[in-house]
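Counting from 1, one number per residue, gives the positions in the sequence shown under UniProt numbering.
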Amino acid sequence: MWRCGLPNFMPNTFQTNSPKHTVTSSCHTQIQLSSRITICYLYLPPRDHIEQIHLDKLIRQLSSPFFLLGDFNGHNTLWGSTDTNPKGRQIETLVEDHCLCLLNDNSYTHFHRASQTFHTIDLAICSPSLVPYWKFSTSTNLFNSDHFPVVLTYVKNDFPFPKRPVKYIFGKADWPLFESLCQLTPNMIDKNSIFVAVNTFTDCIIPSADISIQKKSGNIPKLCKPWWNTECDTCQKTLEKTWYNFRRYPTTHNLIKFKNARTKFRQIRRRRMNTTWCSYVNSITRQVSSKIVWNKVRKHFGCCSDTQNISFLNYNGQVISDAKEIGNVMGQTLSEISSESSYPNDFIAFKNAKNKNQWIFCLHMQKIITRLFHTMNWKMSSGKLVQQHLDQTKFLITYLNILVNLLY
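So, in structure tokens, the structure goes:
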């Protein structure tokens, strides 16, 4: 989705690169769905002339498949405009020369306030392989801008969108039902193998908990602003109603009503933001921990920590969303990195030489301990060892044993 001249790519952006080396204003990024897709955002100023060769160079730099999105400021009957201007013909030539496809469905994407007219200047151009799996649509609300938000929806159901880990809600558990369903007996753990006992115990508890204890949905919660209240909600509905009336009947009277509703909504929203922020600042005291302070700051800006708790991993081009599989992949990767197969050859040779010297030293130490032990037993049997020498010899043998164990 993009609007107001700025793109907002969802669900997850994996890599962001520097702007392309052209005279146009462009930036690009990549997202990972079932495959990696390049997304380039382009802005063509309405009064600047862009050479066709620069646009061709930009297309050749993009990795396929790709989207070319942005505010092109070009009019052409091909995408629903009432007329065709030079920039619109230039974009049409670009699409034909590179065998690209246009996703626009003749919906208006821009509202010109001065003339009170609607235009289509925001375009969605893509590689031919992406056309069957993406749907173009626009929002009916301007959201305090002069561009309608453009939404590209992925219609192919082969991408597992990440969810939060599903957890039990113990506060809503039916414990009598759980107790009646979960019949634990001593025979369950009286097994020869500990693994069989654990599996038997788990197979009894988990099904009972699934029936008697509610779970969280795992869906990502909506980002809610703490300053939003019923007054803001009412003003927003009034604003949407006046905008809908103006779109159907674009008269001066309806335009004035829409502008008044928009002004009132902005005032109320700004006042609520300031009031909430002042209340938050006044609540900070010496007794409040820094964790609570920053959690409130994130919540004020709509960045709650719970929304970031998503199990999501891209491994060898495959998207993994199950928490157990993610743990297995991370453990396997750490095991491979920590194994001797990943060490350099010179380090392995050095390590083996040191281990060999250490083993020889420990062998000599064991021989010394054995001799001391036999000597001490012989002197004790013959009565030639006094108590002081006996204590010193025992201490020496204990110390040498600890040293050998540490070296091993």
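No residue lacks a Cβ here, since even glycine has one placed at the ideal position from N, Cα and C.
For residue i, does the count of other Cβ atoms within 10 angstroms reach 16, so buried, or fall short, so exposed?
i, result
"P86", "exposed"
"V150", "buried"
"D233", "exposed"
"F66", "buried"
"L184", "exposed"
"G171", "exposed"
"N76", "buried"
"residue 423", "Because residue 423 is not part of the residues shown, which for the chain are 1 to 408, the question remains open."
"A353", "exposed"
"C126", "buried"
"A261", "buried"
"F148", "buried"
"T117", "exposed"
"H253", "exposed"
"A124", "buried"
"I337", "exposed"
"H49", "exposed"
"I91", "buried"
"L94", "buried"
"T251", "exposed"
Using a Cβ-Cβ cut-off of 7 Å, state whether residue i counts as contacting chain B.
i, result
"K135", "You won't find chain B in this structure, because it holds only one protein chain."
Out of the options, which one is the CA nearest neighbour of residue i?
i, options, result
"D105", "S127, L152 and Q61", "L152"
"C224", "K299, V281, N73 and N192", "K299"
"L78", "I53, N229 and H119", "H119"
"Q267", "Q116, I205, I256 and Q236", "Q236"
"L128", "Y315, L100, E340 and R286", "In the sequence as presented, Leu is not what sits at residue 128; that position holds Pro. Closest option to P128, Cα to Cα, is L100."
"P45", "V95, H28, D122 and Q61", "D122"
"M273", "E231, T252 and H253", "E231"
"S137", "I284, K291 and S107", "S107"
"Q32", "N316, P344 and S341", "N316"
"residue 413", "W228, S193 and K167", "Since the first and last residues shown for the chain are 1 and 408, residue 413 lies out of range."
For residue i, I'd like the list of residues in its chain whose CB is within less than 7 Å of its CB, leaving aside the five on either flank, ordered along the chain.
i, result
"F258", "T242, W243 and F246"
"L313", "I320, I326 and V329"
"K216", "V166, K167 and I169"
"N229", "R272"
Quick one: what's got a C-beta closer than 6 Å to residue i's C-beta in the same chain, skipping five residues either side?
i, result
"S81", "H75 and T120"
"G88", "G74, H75 and N76"
"R47", "none"
Compute every distance between the C-beta of residue i and the non-hydrogen atoms of the ligand ATP, then say whether any falls below 6 Å.
i, result
"F195", "This structure simply doesn't include the ligand ATP, nor any ligand for that matter."
Within a Cβ cutoff of 8 Å, which residues of the same chain sit near residue i, ignoring the five residues on either side of it in sequence?
i, result
"S212", "A173, D174, W175, L177, F178 and L181"
ask   = In the stretch 104 to 161, which residue ranges form an unbroken alpha helix (DSSP H) of at least 4 residues, counting only runs that do not cross its ends?
value = Correct list: empty.
ask   = Are three or more beta carbon pairs between the stretch 70 to 88 and the stretch 36 to 48 nearer than 8 Å?
value = At 8 Å Cβ cutoff, the stretches touch.
message = Which complete alpha helix (DSSP H) runs does the stretch 221 to 255 hold, if anything under 4 residues is left out?
response = Counting only runs of 4+ residues, the alpha helix (DSSP H) found wholly inside the stretch 221 to 255 occupies 230 to 248, in chain order.
In chain order, each beta strand (DSSP E) run of at least 3 residues that lies wholly inside the stretch 263 to 294 = Runs found: none.
request  = Enumerate, from N- to C-terminal direction, the unbroken alpha helix (DSSP H) stretches of 4 or more residues contained entirely within the stretch 74 to 99.
outcome  = Counting only runs of 4 or more residues that sit fully inside the stretch 74 to 99, the alpha helix (DSSP H) segments are 86 to 97, in chain order.
ask   = Curious, which full-length alpha helix (DSSP H) runs of at least 4 residues does the stretch 313 to 350 contain?
value = Those alpha helix (DSSP H) runs which fall completely within the stretch 313 to 350 and span 4+ residues are 323 to 338.
query = Of all the alpha helix (DSSP H) runs that stay within the bounds of the stretch 175 to 219, which reach a length of 4 or more residues?
reply = With a minimum length of 4 residues, the continuous alpha helix (DSSP H) runs that stay inside the stretch 175 to 219 are 175 to 181 and 194 to 212.
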